[in-house]
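*Asks:*
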Amino acid sequence: MSDLYTLYQRRASVRKFKSEPLREGDLEKILFAAQRAPTDATAQMYSLLRISDPELRRKVSSHSGHNPHIETCAEFFLILADVYRLRRLVEHRGGVFGHWPRTALHFAITDAVLAGSALATMAESLGYGIVWIGGVLNGIKEIKALCGLPQGVVPVAGLCVGVPEESPAPRPRLPRELVVHENQYHDYSPEALEQAYAAMAPITKSGDWYRVLERYFAQGGTMEAREPAYQQLSAQQGFEPDLPAELLEALKEKGLEAGSLGQLIEAAFAQGFRSLQFHHQGYAWIEKEPEAYRGDGKPGEALGKALLQAPRERVIP
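My numbering applies: residue 56 is where the sequence shown begins, and numbers increase by one.
#1: Give me the residue from Lys196, Ala167, Leu104 and Leu141 with the minimum Cα distance to Gln291.
#2: For the putative contact between Ser68 and Val186, defined by C-beta atoms under 8 angstroms, what is the C-beta separation to the nearest angstrom?
#3: Curious, which full-length beta strand (DSSP E) runs of at least 3 residues does the region 174-235 contain?
#4: Taking the alpha-carbon positions, what's the Ala132 to Gly213 distance?
#5: Taking the straight line between their C-alpha atoms, what separation do you get for Ala361 and Ala313?
#6: Just mark Val216 as buried or exposed, buried being the case when its beta carbon has 16 or more other beta carbons within 10 Å.
#7: Of all the alpha helix (DSSP H) runs that stay within the bounds of the region 85-127, which reach a length of 4 or more residues?
#8: What residue does the beta strand (DSSP E) around Ile341 start on, and which one ends it?
#9: Using C-beta distances below 6 angstroms, list every residue in its chain close to Leu181, excluding the 5 sequence neighbours before and after it, in chain order.
#10: Among residues of its own chain, excluding the 5 on either side of Ala179, which ones have a beta-carbon nearer than 7 angstroms to its beta-carbon?
#11: Are Leu306 and Gly359 close, meaning C-beta to C-beta below 8 angstroms?
#12: Between the alpha carbons of Arg266 and Arg329, how many angstroms are there, rounded?
#13: What's the C-alpha gap between Trp264 and Phe272?
#14: For Ile164, collect the residues of the same chain with a Cβ closer than 8 angstroms to its Cβ; drop the 5 residues on either side in sequence, then sort them by chain order.
#15: Just reading off the alpha helix (DSSP H) that Ile320 is part of, what are its end residues?
#16: Is it buried or exposed for Ser261, if we count other Cβ within 10 angstroms and need 16 for buried?
#17: How would you label Asp416, buried or exposed, when you count the other beta carbons within 10 angstroms and need 16 or more for buried?
#18: State the start and end residues of the unbroken alpha helix (DSSP H) segment that holds Glu308.
#19: DSSP state of Ser261, grouped into three classes?
#20: Between Glu83, Gly189 and Leu303, which lies nearest to Ile134 when the distance is taken from Cα to Cα?
#21: I need the DSSP call for Ser172, collapsed to helix, strand or coil.
#22: Please classify Tyr1: is it buried, with 16 or more other beta-carbons within 10 angstroms of its beta-carbon, or exposed?
#23: Between Glu342, Lys353 and Pro230, which lies nearest to Arg365 when the distance is taken from Cα to Cα?
#24: Report the start-end ranges of each beta strand (DSSP E) in the region 130-163 that is 3 residues or longer and not cut off at the edges.
#25: Look at the alpha carbon of Arg142 and the alpha carbon of Phe152, and state the distance between them as a whole number of angstroms.
#26: Assuming Lys353 and Glu221 are in contact, meaning their beta carbons sit under 8 angstroms apart, how far apart are those beta carbons, in whole angstroms?
#27: Shortest alpha-carbon distance to Pro227 belongs to which of Asn238, Pro205 and Ala251?
#28: Starting from Ser289, trace the alpha helix (DSSP H) both ways and give me its first and last residue.
#29: Considering only residues of the same chain and omitting the five flanking positions on each side of Ser74, which have a CB-CB separation below 7 angstroms?
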């Protein structure tokens, strides 16, 4: 077992694995490490979904950007943000689960990443290779269905663990003064930003780190493409404060998916409704002469209920 400082000096993500299982007893060790990770308020708002079925791995890989290491690694886990179990625990003793969806998602993702990181660090200390798979967000809806994830559970990342067949060199990181702030957050001068590009240049064949950032994070990039499905799924799983998950599921069955109140308003106008009114008494009207529909409740709920009343053909984009 390596000491941590030495481990982090040489660690790098591994994407080529030997077709070998973990040594006997090591799966228990990495799972033990995951469960010893810190957690907020003792709640442990995460789950680990170990995927051992080769066919299921193949399907998850196909919805994750076709990462072959998902299929070849010894162990593959979906790291899940999970408040479903917490809700069940509260309700089991007669409690009423609170309405805190954004905060729930925040702490559930935090718990999930902490647990996954502990699992990964233990695996690497035992001599295994690991790689995180952010690409599970590419097909987050399909993966949710494949794995039967209940409301309150969303995938955060995939995690491959196995016997490495390669020894990649550690990749560069940003200069510490650009990452570590003291007392107050400091802004970045043009010179500091160029220093970041220079430090990260070796990470690409072209020597231009901007090409990586542009591909993922600029307009039209990967993250922008992932956003609609992630927003819709997180809302359907109960993490959108303005829209009840059950209502979103009913709207989905009528052919309309939305991840926010704003998207629902846009959808109403897209269906040809020309007037949308919210009343302080707790209801909403949508109108398209000569028809009008009313829904009751808070704004998002009221609008959703009104759209549910409209004929089926009116709510299919």
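Glycine residues also receive a C-beta, built at the ideal position from the N, C-alpha and C atoms.
*Replies:* On the basis of the data shown:
#1: Out of Lys196, Ala167, Leu104 and Leu141, the CA that lies nearest to the CA of Gln291 is found in Lys196.
#2: 4 angstroms
#3: 184-188 and 208-217
#4: Checking the sequence shown, residue 132 turns out to be Phe, not Ala. One C-alpha to the other measures close to 6 angstroms.
#5: One Cα belongs to Ala361, the other to Ala313, and the distance between them is close to 14 angstroms.
#6: buried
#7: 109-117 and 123-127
#8: Per DSSP, the continuous beta strand (DSSP E) segment holding Ile341 begins and ends at Tyr338 to Lys343.
#9: Asp81
#10: Looking at the sequence itself, residue 179 is Glu, so the reference to Ala does not match. Correct list, in chain order: Leu62, Arg66 and Ile185.
#11: yes
#12: 43 angstroms
#13: Looking at the two C-alpha atoms, the distance is approximately 12 angstroms.
#14: Ala136 and Val211
#15: Leu316 to Ala325
#16: exposed
#17: Absent from the model: residue 416. The displayed extent of the chain is 56 to 372, so no value can be given.
#18: Ala300 to Glu308
#19: coil
#20: Ranking Glu83, Gly189 and Leu303 by CA distance to the CA of Ile134 puts Gly189 first.
#21: helix
#22: A query on residue 1 cannot be resolved here, the shown segment of the chain reaching from 56 to 372 and no further.
#23: Per the sequence shown, the amino acid found at residue 365 is Ala instead of Arg. Of the candidates Glu342, Lys353 and Pro230, the one whose C-alpha sits nearest the C-alpha of Ala365 is Glu342.
#24: 130-137
#25: 6 angstroms
#26: That belief does not hold up - the Cβ atoms of Lys353 and Glu221 are roughly 53 angstroms apart, past 8 angstroms.
#27: Ala251
#28: Thr277 to Ser289
#29: Thr127
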